[in-house]
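Take a look at the structure below.
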Amino acid sequence: MNGYQSTALGDDERHEVALSYGTIIGTGALNLLICGGRLFTRAFVTKTFGIDDWACLVALAFTTTFNIIGLVIITVGSGRHAAHVSTPELTLWFKLYYTCTALSVFIALVVKTSLILCLRRLFPQTYIEKWTPAFLSAMVVITISFVFVDVFQCNPPKYVYELQFVMAPDRAKHCLPPNTVYSVFLFQAILFFTIDIIILLMPAPVVWSLNIRQRHKGLIVLLISVPAIIACIAPTLRFQSLDFLKSQDTDITFHSASALYWQAIEYNLGMIAGSIGSLKPLFIRIGAIGRIYLAKAKLSSSYKLEESAHDDSLPKKSSAFRVQGDSVLNDTVYNEDEWVPNRPSARYRSLAPR
């Protein structure tokens with residue numbers, strides 16, 4: 154398998170390596186940003202950190218670990234032809250790829266669990282809350298069965314990850330046939346794709362039955378569905394990348410690269426889909442702070458009342474748009490239930506002179 158040649162990488166290898174690095178780093182960084190923002194918002198802004206947030210934290214740790222291992226796999230040979238991978242690199246590559254294979258099913262479970270618990274929080278007292286325990290139980294059973302097959306596709310497992318045993322002439326006696334391994338991984342990808350579709354469509358009837366404006370319904374669907382749809386597309390594209398399992402390809406380091414980064418895309422975008430909707434309170438808080446500083450900046454140049462009466466540079470408010478008690482507090486009062494508060498809250502209007 155390994156007739157190592159210390160030559161320059163070809164165009165196809167450079168493209169595959171760059172694509173692998175770019176997709177894993179890009180989606181992984183976005184995952185950290187969105188999910189980190191969601192956890193910060195829930196813990197310090199709304200102060201409503203719940204079980205779904207703990208599940209998100211665990212899933213974020215798993216997906217980040219997968220991303221880091223994936224980057225190391227690329228460094229030691231993934232995306233390069235086997236002829237351009239040294240024996241020490243190839244030895245490490247097989248061990249790390251086996252680790253990713255074993256972790257991938259667990260990661261799929263924790264990511265989907267995080268999504269389901271988030272839906273359960275967002276839509277209480279609905280069919281979602283009733284069916285999630287059974288759904289999660291089925292996923293646990295599926296995960297255990299797949300982990301058993303993935304880890305013990307060879308008996309003993311060292312025929313999967315130890316280079317000297319991978320190259321051994323009697324390997325076929327200790328491992329499942331290539332077509333069987335391919336069928337297992339393909340069925341696994343199809344099943345997880347089906348679960349992703351179910352999770353994506355699960356809240357749709359509840360959202361459209363809400364008594365809110367159509368524009369807001371569309372915004373909710375857009376925030377949830379766009380990354381979720383991409384996360385659902387990722388496993389369908391990964392189907393094609395599994396062909397190397399049944400072809401007994403000796404150039405495994407090159408042809409397995411796409412399966413690796415499509416898995417990373419699937420997990421990272423699945424996390425983003427479940428977290429992006431929780432960032433609204435954080436944006437509201439940032440906007441309110443920005444408006445406070447902007448109001449202070451406008452008032453700092455004309456603080457004295459006798460000067461402000463003759464200053465035409467200050468923005469004027471039409472009396473038609475003013476209410477009793479309207480003052481500079483209008484620009485500083487923060488109402489977290491609105492995106493852009495445009496009038497003083499009831500608390501300050503009640504204190505206004507009659």
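Here the working numbering = 1-based position in the sequence shown + 153.
Glycine residues also receive a C-beta, built at the ideal position from the N, C-alpha and C atoms.
Just so you know, these numbers come straight off a predicted model, no measurement behind them.
>> Check whether the segment 284 to 296 and the segment 324 to 334 touch, using three or more Cβ-Cβ pairs below 8 Å as the test.
In response: no
Item to complete: Figure out for me which residue from Ile351, Leu243 and Thr333 has the closest Cα to the Cα of Phe318.
Response: If you number the sequence shown from 1, residue 318 lands on position 165. Nearest C-alpha to Phe318: Leu243.
If you count every other CB in all the chains shown that lies within 10 Å of the CB of Ile226, and 16 or more means buried, which is it?
If you number the sequence shown from 1, residue 226 lands on position 73. With 16 or more other Cβ atoms within 10 Å, it is buried.
How about Val374 and Phe276: are their beta carbons less than 8 Å apart? As a working mapping, residue 374 is identified with position 221 in the sequence shown. As a working mapping, residue 276 is identified with position 123 in the sequence shown. No.
Do three or more CB pairs link the segment 221 to 238 to the segment 401 to 412 at distances below 8 Å? yes
Original post:
By a C-beta neighbour count over all protein chains shown, 10 Å radius and 16 as the cutoff for buried, is Glu282 buried or exposed?
Top reply: Position 129 of the sequence shown, counted from the first residue, corresponds to residue 282. Classification of Glu282: exposed, given that the 10 Å Cβ count is below 16.
Note to self: For Val268, which residues in the same chain have their Cβ closer than 8 Å to its Cβ, ignoring the five residues on either side in sequence?
What the structure shows: Looking up residue 268 in the sequence shown gives position 115. Correcting the residue identity first, residue 268 is Leu in this sequence and not Val. Cβ within range, chain order: Ile352, Gly423, Ala426 and Gly427.
### Message
On the DSSP letters alone, give me the boundaries of the alpha helix (DSSP H) that Met424 sits inside.
### Response
Position 271 of the sequence shown, counted from the first residue, corresponds to residue 424. Counting along the chain, the alpha helix (DSSP H) containing Met424 begins and ends at Ala410 to Ser428.
Specify whether the segment 204 to 219 and the segment 433 to 442 touch according to this definition: at least 3 beta carbon pairs, one from each stretch, less than 8 Å apart. no
Please classify Leu354: is it buried, with 16 or more other beta-carbons within 10 angstroms of its beta-carbon, or exposed? Position 201 of the sequence shown holds residue 354. Exposed, since its Cβ has fewer than 16 Cβ neighbours within 10 Å.
Contacts around Leu272, its chain only, beta-carbon distance under 7 Å, and the 5 residues preceding and following it disregarded | For the purposes of this step, residue 272 is identified with residue 119 of the sequence shown, where counting begins at 1. Ile281, Met355 and Pro356.
Worksheet item: Between which two residues does the alpha helix (DSSP H) carrying Glu166 extend?
Response: Residue mapping note: residue 166 aligns to position 13 of the sequence shown, counting from 1. Counting along the chain, the alpha helix (DSSP H) containing Glu166 begins and ends at Asp164 to Phe193.
For Tyr446 and Leu172, which I take to be in contact (beta-carbon distance under 8 Å), what is that distance rounded to the nearest angstrom?
Here the question's residue 446 lines up with position 293 in the sequence shown. Here the question's residue 172 lines up with position 19 in the sequence shown. No, Tyr446 and Leu172 are not in contact; Cβ-Cβ is about 43 Å, not under 8 Å.
Quick one: Cα of Ala182 to Cα of Pro286, how far?
-> If you number the sequence shown from 1, residue 182 lands on position 29. If you number the sequence shown from 1, residue 286 lands on position 133. Each residue's Cα considered, the two are about 31 Å apart.
Residues near Asp164 in its chain [Cβ-Cβ closer than 8 Å; skip 5 each side]: Looking up residue 164 in the sequence shown gives position 11. There are no such residues.
Quiz prompt | Extent of the continuous alpha helix (DSSP H) to which Cys328 belongs | solution = The residue labelled residue 328 in the question sits at position 175 within the sequence shown. That residue, Cys328, is in no alpha helix (DSSP H); it is neither H nor E in DSSP.
Using only the alpha-carbon positions, how far apart do Phe247 and Asn220 sit? The count along the sequence shown starts at 1 and reaches residue 247 at position 94. The count along the sequence shown starts at 1 and reaches residue 220 at position 67. Whole-angstrom Cα-Cα distance: 17 Å.
message: Measuring straight from C-alpha to C-alpha, what distance separates Glu169 and Thr252?
response: Indexing the sequence shown from 1 puts residue 169 at position 16. Indexing the sequence shown from 1 puts residue 252 at position 99. Straight-line Cα distance between these residues: approximately 21 Å.
*Give every residue of the same chain whose Cβ lies closer than 6 Å to the Cβ of Ala208, excluding the five residues on either side of it in the sequence, and list them in chain order.*
Reading the sequence shown from its first residue, position 55 is the one you call residue 208. The answer, listed in chain order, is Thr266, Ser267 and Leu270.
Applying the criterion that 16 or more other CB atoms from any shown protein chain within 10 Å of the CB defines a buried residue, is Gly232 buried or exposed?
-> Counted from its first residue, the sequence shown places residue 232 at position 79. It counts as buried.
- Message: I believe Ala255 touches Val302 by the beta-carbon criterion, under 8 Å. Please report the beta-carbon distance rounded to the nearest angstrom.
- Response: Position 102 of the sequence shown, counted from the first residue, corresponds to residue 255. Position 149 of the sequence shown, counted from the first residue, corresponds to residue 302. Contact flag wrong, Cβ pair sits at about 11 Å.
Taking its Cβ as the centre, do 16 or more other Cβ atoms sit within 10 Å of Ser290, making it buried, or is it exposed? Residue 290 sits at position 137 when you count from the first residue of the sequence shown. Exposed, because fewer than 16 other Cβ atoms sit within 10 Å of the Cβ of Ser290.
Note to self: Could you give the first and the last residue of the continuous alpha helix (DSSP H) run that contains Lys311?
What the structure shows: As a working note, residue 311 is residue 158 in the sequence shown. Lys311 to Tyr314 is the span of the alpha helix (DSSP H), which, as asked, contains Lys311.
With a Cβ-Cβ cutoff of 8 Å, do Val238 and Thr406 count as a contact? Start at 1 with the first residue of the sequence shown, and residue 238 comes out as number 85. Start at 1 with the first residue of the sequence shown, and residue 406 comes out as number 253. Yes, the Cβ-Cβ distance between Val238 and Thr406 is below 8 Å.
Rounded C-alpha distance that separates Ile429 from Arg191
Numbered from its first residue, the sequence shown carries residue 429 at position 276. Numbered from its first residue, the sequence shown carries residue 191 at position 38. Cα-Cα distance, rounded: 7 Å.
Legend entry - Enclosing alpha helix (DSSP H) for Ile204 [first to last residue]: Stepping through the sequence shown from its first residue, residue 204 is reached at position 51. Looking at the DSSP string, the run of the alpha helix (DSSP H) that includes Ile204 is Ile204 to Thr228.
**Residues that DSSP places opposite Cys307 in a beta bridge** = Translated into the one-based positions of the sequence shown, residue 307 becomes position 154. Beta-bridge pairing links Cys307 to Cys328.
(Q) Is the separation between the beta-carbon of Val223 and that of Ala417 shorter than 8 Å? (A) Numbered from 1 along the sequence shown, position 70 holds the residue referred to as residue 223. Numbered from 1 along the sequence shown, position 264 holds the residue referred to as residue 417. Sequence check: residue 223 is Gly here, not Val. Yes, these two residues count as a Cβ contact at 8 Å.
Requested in this report: Under 6 Å Cβ to Cβ from Tyr420, same chain only, skipping five residues before and after it: list those, please.
Outcome: To locate residue 420, count along the sequence shown from 1; it is residue 267. Around Tyr420: Thr216, Ile260 and Val264.
Below 8 Å between beta carbons: does that hold for Arg195 and Ser431? Counting from one through the sequence shown, the residue named residue 195 turns up at place 42. Counting from one through the sequence shown, the residue named residue 431 turns up at place 278. Yes.
message: Using the three-state DSSP reduction, which class does His369 fall into: helix, strand or coil?
response: Here residue 369 is taken as the residue at index 216 of the sequence shown, counted from 1. Taken through DSSP and simplified to helix, strand or coil, His369 comes out as helix.
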